[in-house]
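Have a look at the structure below before the remarks.
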DNA sequence: TACTTCGGCCAC
DNA sequence: AAACGTGGCCGAAGTA
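Residue numbers (my numbering): 189 to 613.
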């Protein structure tokens with residue numbers, strides 16, 4: 189039997205069962221108060237929009253918005269949807285927001301509508317004990333990641349109202365969260381075997397800052413790049429994420445307000461610094477073209493029949509496949525790393541901390557509900573539990589890094605006091 | 001009423 | 001026309 193089946197997926201089943209049994213405690217009062225605050229706001233904004241557009245106008249309808257903006261008001265169409273209709277998404281509306289006051293109001297309305305329709309209904313979805321119990325799907329993605337119901341994986345971070353504050357620990361308990369730092373970049377460095385990137389990561393400094401310093405030849409410390417050269421650091425950040433996603437120079441250029449040539453130059457400089465990253469990407473493309481599938485270091489595979497297309501008219505399909513081939517070995521291996529960490533945490537809790545509950549798994553993060561008196565101890569144990577995974581033979585020669593935070597709610601997690609790096613060694 | 005498609009938007 | 005990978009889920013509108 190192969191590794192993934194015997195050491196990952198099968199042992200994970202009882203962990204997921206626990207996760208589903210535990211659920212996440214909800215502060216229902218928080219959400220009903222927020223709803224009661226937002227509903228009149230929404231009604232006010234709707235009234236103002238309807239003054240301009242007519243009484244039966246519904247800003248929840250993209251069709252009606254398009255009709256109003258592009259027909260009645262004859263505003264220019266910034267972009268179209270996949271099917272060719274004039275787009276009314278946030279990006280388009282923001283571009284038009286100076287043209288007409290109603291656009292601004294529609295944007296405000298959409299923000300509130302999203303919160304009310306999607307993120308204020310948890311009180312209706314909790315069980316008798318006020319716990320939300322998402323269902324995890326172990327085979328919900330092609331890459332090995334978990335999927336989950338109840339929007340537990342898509343709670344907004346910067347919504348202005350602190351939605352995450354409504355996800356709480358009971359009295360006498362704290363939420364303890366553990367995140368892998370830059371998990372996918374660690375994976376990329378490891379599976380590509382790029383010595384420069386591995387060293388950059390091992391150094392423990394801000395990775396985007398360090399790479400920006402290297403590529404732009406900055407003369408400050410890597411950890412100061414974020415403050416002193418924010419823009420340059422953001423460019424590197426976009427490039428590094430772009431590599432994980434197979435992003436084109438063209439779309440990088442658009443996001444960073446650069447010319448395509450400038451973006452291409454940056455990517456070139458990046459690859460010059462990390463040659464094995466470039467080779468790894470090329471090899472992923474070549475493998476997928478040759479074989480019609482791709483496989484990661486743990487043996488997880490994905491069929492990619494479109495990678496073998498050759499026709500001119502199939503170029504789009506081919507390229508989409510090659511991006512998938514490029515992303516898969518990174519995202520898939522990262523998902524296995526998280527699953528291994530889940531299994532270790534679960535086993536350790538079962539043996540030593542019967543009061544602790546695992547309550548969330550979110551791609552590169554795990555959360556636990558921990559009795560106050562055990563928080564210190566468990567927080568200190570977590571990094572080793574999640575990083576000593578026995579995966580050296582799969583190419584992971586440098587340890588992953590984990591950051592632990594804790595707090596009364598998901599929205600108020602704060603850095604946990606950690607032992608210094610020196611004493612950890 | 002039930003289901004599907006579309007446009008849109010939230011996360012990692 | 002766009003050109004960024006993996007998803008869930010919302011309301012509107014159309015269809016069975």
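Cβ atoms here follow ideal geometry from the backbone N, Cα and C, with glycine treated the same way. Since this is a predicted model, take the numbers as computed values, not measurements.
- Per DSSP, the continuous beta strand (DSSP E) segment holding residue 489 begins and ends at 489 to 491.
- The beta carbon of residue 396 lies closer than 6 angstroms to those of 421, 424, 425 in the same chain, with the five residues before and after it left out.
- Residue 357 sits in coil when the DSSP states are folded into three classes, being neither helix nor strand.
- Cα atoms of residue 304 and residue 481: separation of roughly 42 angstroms, rounded to the nearest angstrom.
- Look at residue 419 here: in three-state DSSP terms it is helix.
- Around the Cβ of residue 297, a 10 Å sphere holds 16 or more other Cβ atoms; the residue is buried.
- The residues 495, in chain order, have a CB closer than 6 angstroms to that of residue 477 in the same chain once the five nearest residues on each side in sequence are set aside.
- For residue 559, the beta-bridge partners assigned by DSSP are 361.
- A residue is called buried once 16 or more other Cβ atoms fall within 10 Å of its Cβ, and residue 500, having fewer, is exposed.
- Put simply, the backbone Cα of residue 533 is about 10 angstroms away from that of residue 556.
- Rounded to whole angstroms, the separation of the alpha carbons of residue 373 and residue 381 is 12 angstroms.
- By the beta-carbon neighbour count (other beta carbons within 10 angstroms, threshold 16), residue 488 is buried.
- Nearest Cα to residue 434 within the set 468, 405, 320: 468.
- In this chain, the beta strand (DSSP E) harbouring residue 547 covers 545 to 549.
- In this structure residue 521 touches residue 485 by the C-beta definition: roughly 5 angstroms separates them, less than 8 angstroms.
- Counted as a single uninterrupted DSSP element, the stretch harbouring residue 221 is not any beta strand (DSSP E) but the alpha helix (DSSP H) occupying residues 216 to 241.
- Listed as beta-bridge partners of residue 481 by DSSP are 491.
- As DSSP reads the structure, residue 368 sits in a beta bridge with 590.
- Counting C-beta atoms within 10 angstroms of its own C-beta, residue 527 has 16 or more neighbours from the protein chains shown and is therefore classed as buried.
- Residue 288: not part of any alpha helix (DSSP H); DSSP gives it neither H nor E.
- For residue 509, the enclosing alpha helix (DSSP H) begins and ends at 503 to 540.
- Distance from residue 444 to residue 437 at the Cβ level is roughly 10 angstroms; contact not present, criterion being Cβ atoms closer than 8 angstroms.
- Between the segment 238 to 254 and the segment 222 to 230 there are fewer than three inter-stretch CB-CB distances shorter than 8 angstroms, so the stretches are not counted as touching.
- Here residue 414 carries a helix assignment [DSSP, helix/strand/coil].
- Contact between the segment 587 to 595 and the segment 356 to 374 is present, with at least three C-beta pairs closer than 8 angstroms.
- Between residue 579 and residue 327, the alpha-carbon positions lie close to 22 angstroms from each other.
- Contact check for residue 203 and residue 530: beta-carbon distance about 5 angstroms, within the 8 angstroms limit, so the pair qualifies.
- When DSSP states are grouped into helix, strand and coil, residue 409 belongs to the coil group.
- Going by beta carbons, residue 214 and residue 354 fall inside the 8 angstroms limit.
- One thing to note: residue 400 has its Cβ no nearer than 8 angstroms to the Cβ of residue 389.
- Counting along the chain, the unbroken alpha helix (DSSP H) around residue 449 starts and ends at 448 to 461.
- Under the three-pair Cβ rule at 8 angstroms, the segment 272 to 282 counts as touching the segment 246 to 264.
- Taking 8 angstroms as the upper bound for CB-CB distance, residue 473 and residue 513 are in contact here, some 6 angstroms apart.
- Here residue 516 is near residue 331, since their CB atoms are less than 8 angstroms apart.
- Assignment of residue 249 by DSSP, reduced to helix, strand and coil, places it in the coil class.
- Look at residue 570 here: in three-state DSSP terms it is helix.
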